[in-house]
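Trainee:
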Amino acid sequence: MNEYEVMLLTRTDLEGEARAAILERGQEAVTKTGGTWGKVDEWGRKRTTYPIQKQPDAWYHVVEFDGTGETADEIVRVLRITEGVLRVMVTARVPAYPEGAKEALERISDEEFAAGPKDRGRGGRGGPRGGGGGGRDRER
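As numbered in our numbering, the sequence shown has no gaps in its residue numbers, which increase by one up to the final residue, 232.
(1) Rounded to a whole number of angstroms, what is the C-alpha to C-alpha distance between Glu156 and Gly130?
(2) Can a CB atom of chain B be found closer than 8 Å to the CB of Gly161?
(3) How long is the line joining the alpha carbons of Thr123 and Ile144, rounded to whole angstroms?
(4) Please report the residue range of the beta strand (DSSP E) in which Ile318 lies.
(5) Can you look up Arg179 in the DSSP assignment and give me helix, strand or coil?
(6) Looking only at C-alpha atoms, which of Thr104, Ala121, Asp105 and Ala196 sits nearest to Val98?
(7) Hey, out of Gly118, Gly176 and Val180, whose CA is closest to Thr104's CA?
(8) By the DSSP assignment, the beta strand (DSSP E) with Glu95 in it spans what residues?
(9) If contact is defined by three or more beta carbon pairs under 8 Å, each pair taking one atom from either stretch, is the stretch 131-140 in contact with the stretch 164-175?
(10) Mapping DSSP to helix, strand and coil, what is Gln119?
(11) At the level of alpha carbons, what is the spacing between Met181 and Asp165?
(12) For Gly192, write down the residues that DSSP places opposite it in a beta bridge.
(13) Reducing DSSP to helix, strand and coil, say where Lys124 ends up.
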């Protein structure tokens, strides 16, 4: 199972019950394909960058769920044909740190972290100013 996040924009003229019904349809689509519904985060009413279906504002929701690629496709399919939904975007959630990296960073002191790698040098460009030369843009 993969972790996904869906950003959902709905019309602002919908009542709370109508928005809840839209989220419930999404939850049914996820559970029908074997996924699990996660945290729902309502961001509220916000202005969009450009009008969507002649609507300058939208109600934003961010929902986390677990499932397969089929689950992500199904929730997009169901929500796109739902009345009142302006936009749907599903993205895969990536952990903030690779496995074991967080513990390794916690073991490094602040001074060591600020100093950077011991073999940092000038990046292998050569020359006193990091020149190197020989690039394609250079006239010969």
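Just so you know, even glycine gets a beta-carbon here, dropped at the ideal spot from N, CA and C.
Mentor: A quick look at the data gives this:
(1) Taking the sequence shown and counting its residues from 1, one reaches residue 156 at position 64. Taking the sequence shown and counting its residues from 1, one reaches residue 130 at position 38. Glu156 and Gly130: Cα-Cα distance of roughly 5 Å.
(2) The question asks about chain B, but that chain is absent: this structure has only one protein chain.
(3) Within the sequence shown, residue 123 is the residue found at index 31, counting from 1. Within the sequence shown, residue 144 is the residue found at index 52, counting from 1. Each residue's alpha carbon lies about 29 Å from the other.
(4) The structure shown has nothing for residue 318, since the chain only spans 93 to 232.
(5) The sequence position of residue 179 within the sequence shown is 87, counting from 1. DSSP places Arg179 in strand when its eight states are reduced to three.
(6) Looking up residue 98 in the sequence shown gives position 6. Closest option to Val98, Cα to Cα, is Ala121.
(7) The count along the sequence shown starts at 1 and reaches residue 104 at position 12. Measuring from the Cα of Thr104, the nearest candidate turns out to be Gly176.
(8) To locate residue 95, count along the sequence shown from 1; it is residue 3. Bounds of the beta strand (DSSP E) holding Glu95 are Asn94 to Thr102.
(9) no
(10) If you number the sequence shown from 1, residue 119 lands on position 27. Gln119 falls in the helix class under three-state DSSP.
(11) In the sequence shown, counting from the first residue as 1, residue 181 sits at position 89. In the sequence shown, counting from the first residue as 1, residue 165 sits at position 73. Roughly 10 Å separates the two Cα atoms.
(12) Start at 1 with the first residue of the sequence shown, and residue 192 comes out as number 100. Answer is none; Gly192 lacks a bridge partner.
(13) On the sequence shown, residue 124 is found 32 positions in, with the first residue counted as 1. Residue state, collapsed to three classes: helix.
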